[in-house]
Amino acid sequence: MDLKAVFSPFTSTPEGFLVEVNPLSKLTVVVSATLLSAFISDLTLLIIMGVIFTALIAHSGSLRFAAPFLSFIILFWLVSLAIIMVLSGNPHTMGFLSLFFARFFIISAAGLSFAFTTEPQKLAESLRSVRIPGEIVFTLTVTLRYIPALAVEASSIWDSLKLRTSLSGSSIIRRPSLLYRGLIIPLIIRTVKISDEVAIAAETRGFNPREGPGGSLRFRGRDITFLAFFTVIFASLVIMDGAVV
């Protein structure tokens, strides 16, 4: 048995171990985490899931670009809880809101971990290998290329805003208008332009959405190990959630 191949999902590489895993394996984990988050009702377990996917992003070296998105989720989470506490203080409403934001954080972190560690060409090949229609492959591939580009742009705008305004945590609370004037509005404008640029780039490279199946990527030992690892984690979370209930 080739132990190096079996344990390769957990072996560091210059680009991170997730890059070497089959996109379909990663996509299976992302979809499973999304579905599982909807069934788990314990906030602590949901937070643990969020931490796991955040750690995957950090290991891939993409946490700096994903941080603005994840930070905003946490910020709106805390602000919403503070508003509910001031207005009503209803613990049931606060608990429901916390579960909602925790699940949204998991979905976002899992999706970003997939987007930052998957090459569009490999995704296209793996989808074609399971006979996914070319139109769907083209859409998913452009979307996959679009997410990291948007995250990098958001990080650049955020850094520029901090340089121009000496932005800090306290200044955001005192001047929340900085968020939409200095970050959200410029990001929306860039979003439209980036979407066109990514689509044109895909067409320029000769990506044919009507190209038939024929991908060559297949599941290997590292993919089985990767899936088994997350199966154990997800099963443990389900068992612990049932014990709490």
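According to the UniProt record's numbering, numbering within the sequence shown proceeds without interruption in unit steps and concludes at 245. For glycine and all other residues, C-beta sits at the position ideal for the given N, C-alpha and C. These numbers come from a predicted model, not from an experiment.
- Starting from the Cα of residue 275, find the closest Cα among Gly242, Ala243, Met240, Ala228 and give me that residue. No information on residue 275 is available, as it lies outside the stretch 1 to 245 that the chain covers here.
- Item | Distance between alanine 109 and isoleucine 57 (C-alpha atoms, nearest Å) | C-alpha separation (whole angstroms): 8 Å.
- Message: If you measure between the beta carbons of serine 113 and phenylalanine 53, is that distance less than 7 Å?
- Response: yes
- Around the C-beta of proline 91, are 16 or more other C-beta atoms found within 10 angstroms, so that it is buried, or is it exposed? exposed
- Message: Beta-carbon within less than 8 Å of lysine 237's beta-carbon, same chain only, minus the 5 sequence neighbours each way: which residues are those?
- Response: It should be noted that the sequence gives leucine, not lysine, for residue 237. For leucine 237, where only same-chain residues beyond five positions count, the Cβ hits under 8 Å are Leu36, Ile40, Leu45, Ile48, Met49.
- Query: For serine 12, which of helix, strand or coil comes out of DSSP?
  - Reply: Only weak support is given to the placement of serine 12: the predicted model assigns it a pLDDT of 43, under 50, and the question is left unresolved by the model.
- Query: Can you find at least 3 beta carbon pairs, one from the segment 77 to 86 and one from the segment 126 to 135, that sit closer than 8 Å?
  - Reply: no
- leucine 140 to alanine 154, Cα distance in whole Å? 21 Å
- Query: Could you give the residue range of the alpha helix (DSSP H) that holds isoleucine 107?
  - Reply: 91 to 117
- Query: Which stretch, first to last residue, makes up the alpha helix (DSSP H) that contains proline 120?
  - Reply: 120 to 129
- Helix, strand or coil for isoleucine 40, going by three-state DSSP, please let me know. Residue state, collapsed to three classes: coil.
- Task: Count the other CB atoms, across all protein chains shown, that sit within 10 Å of the CB of serine 62; report buried if there are 16 or more and exposed otherwise.
- Result: buried
- Can you tell me whether arginine 131 is buried or exposed, with buried defined as 16 or more other CB within 10 angstroms of its CB? Per the 10 Å Cβ criterion, exposed.
- When you compare each of Arg103, Ile189, Phe234 to isoleucine 73 by their alpha carbons, which one comes out closest? Arg103
- Message: Checking 7 Å against the spacing of the C-beta atoms, do proline 120 and isoleucine 157 come in under that value?
- Response: no
- Between threonine 117 and valine 29, which are expected to be in contact by the criterion C-beta below 8 Å, what is the C-beta distance as a whole number of angstroms? Not really, about 11 Å apart at Cβ, beyond 8 Å.
- Query: Apart from the five residues just before and just after lysine 26, which ones in its own chain have a Cβ nearer than 6 Å to its Cβ?
  - Reply: Phe114
- Message: Buried or exposed for aspartate 159, going by 16 or more other Cβ atoms inside 10 Å?
- Response: exposed
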